[in-house]
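Whatever position you read off the sequence shown (first residue = 1), add 78 for my numbering. Input: a single structure, listed below in structure tokens.
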Amino acid sequence: MKIYDGVIDWGIKRARDSKMIALGFHSVIDGLVKVDPQKIDNLDLTIPQELSALPDSIKCIDDFWKGLIFSFVNGSALQLMIDSKEVYEWIMKTFGTGTLRLGGTSANMAKGLVPFPFEKILVYVYPLKKEIANLFPNSKNLFVVGKNGLDHPINAYDGEGVDAIHWIFEFSQGQSMTINGKVYTCPRSNRFIASWNPINSKLEVRDPFKSYVIDRAEEISHFLVSGFHIMQEVYPNGETVEDRIDKLLEFVKTVREKNSEMKFHLEFASIRRDRVRNAVEEKLFSRFDSLGLNEVELSWVARDMGYDEKDILNLDVERISQIISEVMRGNLSRVHFHALGFYLLALKGDYDLESQKKALAFAALAAAQRAMDGEINLERFKYMLNISEKYDYKEWEKEGVHFILFPTKVVPSPKITVGLGDTISSLGFVLG
Ligand code: 8BR
79 MKIYDGVIDW
89 GIKRARDSKM
99 IALGFHSVID
109 GLVKVDPQKI
119 DNLDLTIPQE
129 LSALPDSIKC
139 IDDFWKGLIF
149 SFVNGSALQL
159 MIDSKEVYEW
169 IMKTFGTGTL
179 RLGGTSANMA
189 KGLVPFPFEK
199 ILVYVYPLKK
209 EIANLFPNSK
219 NLFVVGKNGL
229 DHPINAYDGE
239 GVDAIHWIFE
249 FSQGQSMTIN
259 GKVYTCPRSN
269 RFIASWNPIN
279 SKLEVRDPFK
289 SYVIDRAEEI
299 SHFLVSGFHI
309 MQEVYPNGET
319 VEDRIDKLLE
329 FVKTVREKNS
339 EMKFHLEFAS
349 IRRDRVRNAV
359 EEKLFSRFDS
369 LGLNEVELSW
379 VARDMGYDEK
389 DILNLDVERI
399 SQIISEVMRG
409 NLSRVHFHAL
419 GFYLLALKGD
429 YDLESQKKAL
439 AFAALAAAQR
449 AMDGEINLER
459 FKYMLNISEK
469 YDYKEWEKEG
479 VHFILFPTKV
489 VPSPKITVGL
499 GDTISSLGFV
509 LG
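Okay, structure coming up:
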């Protein structure tokens, strides 16, 4: 079976025939800072020996250093939320914003979808300041809701400033730093991410986006929701993550009442806080149509359900499909799991299997091409067809769930890998 045959033309036509696609609620500025260890030499700190000894968020300057040093010394990626305005101001004063880049799941998805002939990609950006507006691609099919309705972010921004930022502190293998008089060398190039985003950590759906989507629900076919990974368990005003998720559900319900055909996708991302993850699993899985996640994220879901996470991380397909089946006990009818080398798609009910498969193939070509070149270029998709797949295609049915194991194209030395999961999930969902 030739699973990639005719897929490029099919995807382009499918995109052309699309309606409006909405993306919320996580668009942010990434600030890239290349760490110069000479400048932060001779810190007087005790280095946390294990991950469990780290603070689960940054509440003081010492917490910030602990996170950064842990990442530096171990060469392992780490992301922590900043919970204190004083620390945010101190980082801004000490390091500045760094090099600004567009980030956040929704903005990444927007960037990955606008090169295709979709009619309208509507993205939620709050606060929409000049700095973030300027980072969006200059595409005719990209929109935010501004004061005068749909507009490109650059025509709709309101004021200037960097109110929300995800700092990415990058270090290189071989750099060294002196801590408590001892010299440490970074074993592997890596990054430490410190995120300041109190405005969006409540996952609030604000006007004018909110009323626009409710009023124009008929025009929207797909809605992709993300941003749970920056939520807090309890907010300073006493609200909890469960309260906030209930509010989101009210919005989803209102929109569904206006357009029962609209499909909702939940992009999981790295939700590290247990209570937040549990709230998403318990309250949202059964209320969305589609779910997208990678092996690390599914391993957490498995652990929350009482299974051994290692089976998932080792890509044991039988165990992966078992966990997915359990997750699909509610109304969730589509799960797109992605790993390096294959996707596993699970479907329940009324889906057009041919479209779903072609959408996976198109997503795989897009991910490979983006990995190879750094950004989407439709002209170069055809070259990805020559890469051979390492897994065998497989399709089966178990307990009412249809599974498709879909072999993907893997680029040997990728230029980028950040944001690939967002490209894969969003294309698979909107084209399928
Ligand atoms: P996340 O962003 O959710 O981690 O997903 C990353 C996905 O990108 C992987 O699951 C894999 O499918 C894809 N990917 C990676 Br990582 N490296 C790739 C490569 N070199 N070529 C093609 N796809 C890749």
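Where a beta carbon is used, it is the ideal one built from N, C-alpha and C, also for glycine.
Distance between residue j and residue i (C-alpha atoms, nearest Å)
i    : j    : result
Y461 : G452 : 15 Å
S96  : E164 : 46 Å
L213 : I125 : 37 Å
P490 : A442 : 14 Å
N337 : I298 : 8 Å
D229 : T183 : 20 Å
P205 : I494 : 28 Å
V395 : A449 : 25 Å
S130 : F221 : 42 Å
M309 : E345 : 14 Å
I160 : G305 : 16 Å
T332 : F363 : 18 Å
F270 : S399 : 33 Å
Q447 : R458 : 7 Å
I390 : I232 : 43 Å
N186 : G506 : 15 Å
D382 : F150 : 29 Å
I107 : E477 : 44 Å
D141 : G181 : 24 Å
M340 : K436 : 21 Å
Residue closest to residue i, alpha-carbon to alpha-carbon, out of the options
i    : options                : result
D122 : M255, F103, E296, V223 : M255
Y202 : K436, V223, G145       : V223
K472 : I246, S466, I482       : I482
K260 : I147, K436, K137, E432 : I147
E128 : G153, I139, V106, L110 : G153
V479 : V85, R412, I107, R458  : R412
Y313 : N275, L132, F142       : N275
K198 : D428, Y421, E328, R294 : R294
E533 : L509, R94, Q251        : The requested residue 533 does not occur in the structure, where the chain is confined to residues 79 to 510.
D241 : P265, P193, L178       : L178
G408 : L158, K112, K361       : K361
E317 : V354, F440, R334       : V354
F420 : E359, V405, E373, S403 : E373
R266 : N258, E248, I257       : E248
Nearest-angstrom Cβ-Cβ length linking residue i and residue j, presumed shorter than 8 Å
i    : j    : result
L423 : F484 : 6 Å
H300 : H343 : 7 Å
I243 : T175 : 6 Å
V496 : K468 : Not a contact, Cβ separation roughly 23 Å.
G190 : I454 : 6 Å
N44  : A155 : Residue coverage of the chain in this structure runs from 79 to 510, which leaves residue 44 outside it and unanswerable.
**Request:** Could you name each continuous alpha helix (DSSP H) segment of 4 residues or more that falls completely within the stretch 288-350, going from the start of the chain to the end?
**Result:** 319-336
Count the C-beta pairs between the stretch 364-375 and the stretch 312-325 that are closer than 8 Å, then say yes if the count reaches three, no if not.
no
If you scan the stretch 189-245 from start to end, which runs of the beta strand (DSSP E) of 3 or more residues do you find wholly inside it? 198-201, 220-224, 227-229
| said: Does the contact criterion of 3 or more C-beta pairs under 8 Å hold for the stretch 162-180 versus the stretch 281-292? | reply: no
For the structure I just gave you, are there three or more beta carbon pairs, one from the stretch 275-283 and one from the stretch 85-104, closer than 8 Å? The stretch 275-283, when compared against the stretch 85-104, does touch it at the 8 Å Cβ threshold.
Entirely enclosed alpha helix (DSSP H) segments - the stretch 348-407, minimum 4 residues:
352-357, 373-382, 387-391, 395-405
Give the list of continuous alpha helix (DSSP H) stretches no shorter than 4 residues that lie fully inside the stretch 79-152. 85-94, 139-152
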